[in-house]
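Accompanying notes for the structure given below.
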């Protein structure tokens, strides 16, 4: 029998996952998995360490249950390994961006678990990050600049009580303090050096609860969507926000660089600290390099509700991989 390990944050979503755990366990048992659960602890990298252990023990499925931070830790535990199990997610955070991208129910943990019955999955791109402190991974968004401090500057109790409203309150407070720093950003086929207020590297189309920031996102093409905001002028930033909400027209704004790239290097050109936010948590300071690991981890997904183009691209890639395996086997036999 296949085995599944549920790694859950017992405090996420006002403890709703903890209350429904017996029913969630039953879902995966019905789907053919011998299932067990692990509650994360306050110890650093608790979820990441358990994900790594479970993967090395040969578990077929790891279920990340909690907010995007919990999912990020599970990804960090699995991504460096040569053999990586499939990952399912049960969202119970504030924005649940990754669940939104995979079309997983975001408000009902039990319904999110039942997506396993669809037998649908997709290989997702993963971001690899290197700086002087080591290597990390992210699955949705890397952000730099003043506004990127929003997620890790909102107290956890405020997130629990007020949800997404907490981010809006804090964002309104910080937007008036947005400032420029000088930095060099190198990407495939180009480079920008100069004044920057914000940088985003997106792997999906869901960023901070909005799906129009990256209107042409692909989930598995091996490319980041790089956005460089050059202005710190509050009126110009508000114009960008308005264009973003109005059909994604911001991509043509003169104050924005919008590129597709597999690799990115960011280097500050001054002594000012340039903090990096990875999936909503503080991830270190630049200088930093980023690489897109194409279709690196397979995730359970509600593919029938996802974009047809993303599904077709993934199916095409899987077909090519199977053909290459057959050719390699034939050559070995010859």
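Residue numbers (full-length UniProt numbering): 1 to 334.
Heads up, the beta-carbon is just placed ideally off N, CA and C, and yes, glycines get one too.
Quick check on residue i: does DSSP put it in helix, strand or coil?
{"i": "residue 304", "result": "helix"}
{"i": "residue 178", "result": "coil"}
{"i": "residue 295", "result": "strand"}
{"i": "residue 217", "result": "coil"}
{"i": "residue 244", "result": "helix"}
{"i": "residue 265", "result": "strand"}
{"i": "residue 232", "result": "coil"}
Using DSSP's beta-bridge definition, name the partner residues of residue i.
{"i": "residue 285", "result": "275"}
{"i": "residue 35", "result": "4"}
{"i": "residue 194", "result": "183"}
{"i": "residue 259", "result": "226"}
{"i": "residue 138", "result": "127"}
{"i": "residue 290", "result": "129, 264"}
{"i": "residue 145", "result": "198"}
To the nearest whole angstrom, what separates the beta carbons of residue i and residue j, a pair I think is in contact under 8 Å?
{"i": "residue 36", "j": "residue 5", "result": "6 Å"}
{"i": "residue 285", "j": "residue 273", "result": "6 Å"}
{"i": "residue 255", "j": "residue 230", "result": "5 Å"}
{"i": "residue 265", "j": "residue 197", "result": "The Cβ separation is near 19 Å, so there is no contact."}
{"i": "residue 355", "j": "residue 128", "result": "Residue 355 cannot be examined here, being either before or after the span of the chain that is shown, 1 to 334."}
{"i": "residue 131", "j": "residue 287", "result": "6 Å"}
{"i": "residue 220", "j": "residue 123", "result": "6 Å"}
{"i": "residue 38", "j": "residue 52", "result": "Not really, about 12 Å apart at Cβ, beyond 8 Å."}
So, at 8 Å on beta carbons, what are the nonlocal neighbours of residue i in its own chain, with the 5 sequence-adjacent residues on each side left out?
{"i": "residue 253", "result": "239, 240, 243"}
{"i": "residue 89", "result": "63, 64, 65, 71, 98, 99, 102, 104, 112, 299, 300"}
{"i": "residue 120", "result": "300, 301, 302, 303, 304"}
{"i": "residue 110", "result": "20, 23, 24, 27"}
{"i": "residue 115", "result": "88, 104, 105, 300, 301, 302"}
{"i": "residue 211", "result": "100, 205"}
{"i": "residue 2", "result": "32, 33, 34, 60, 61"}
{"i": "residue 55", "result": "62, 77, 78, 81, 83, 84, 85"}
{"i": "residue 163", "result": "Confidence in residue 163 is poor, its pLDDT being 42 and thus under 50, which makes the residue's placement unreliable; the coordinate value appears in the next sentence. Answer for residue 163: 94, listed in chain order."}
Which residues in the same chain as residue i place their Cβ atom closer than 6 Å to its Cβ, once the five residues preceding and following it in sequence are excluded?
{"i": "residue 67", "result": "12, 93"}
{"i": "residue 200", "result": "143, 227"}
{"i": "residue 47", "result": "7, 40, 70, 73, 74"}
{"i": "residue 194", "result": "none"}
{"i": "residue 202", "result": "141, 214, 225"}
{"i": "residue 9", "result": "40, 66, 70"}
{"i": "residue 96", "result": "106"}
{"i": "residue 207", "result": "141, 213"}
{"i": "residue 18", "result": "10"}
{"i": "residue 235", "result": "none"}
Skipping 5 residues on each side, what residues in its chain have a beta carbon closer than 7 Å to that of residue i?
{"i": "residue 160", "result": "Low local confidence applies: a pLDDT of 42 at residue 160 is under 50, so the model's placement there is unreliable, with the coordinate-based value given in what follows. If we look at residue 160 and ignore the five residues flanking it on each side, its Cβ neighbours are 14."}
{"i": "residue 347", "result": "For residue 347 there is no data in the structure shown, the boundaries of the chain being 1 and 334."}
{"i": "residue 222", "result": "125, 262, 292, 294"}
{"i": "residue 276", "result": "142, 144, 283, 284, 285, 286, 288"}
{"i": "residue 271", "result": "none"}
{"i": "residue 133", "result": "284"}
{"i": "residue 184", "result": "191, 193, 267, 269"}
{"i": "residue 258", "result": "227, 251"}
Is the beta carbon of residue i within less than 8 Å of some heavy atom of the ligand PLP?
{"i": "residue 82", "result": "No copy of the ligand PLP occurs in the structure displayed, which carries no ligand at all."}
Practice problem: Could you tell me which uninterrupted alpha helix (DSSP H) segments, each at least 4 residues in length, are contained entirely in the UniProt domain "DAGKc" (1-133), listed from first to last along the chain? | Solution: 16-19, 21-30, 46-56, 68-78, 97-102, 109-113
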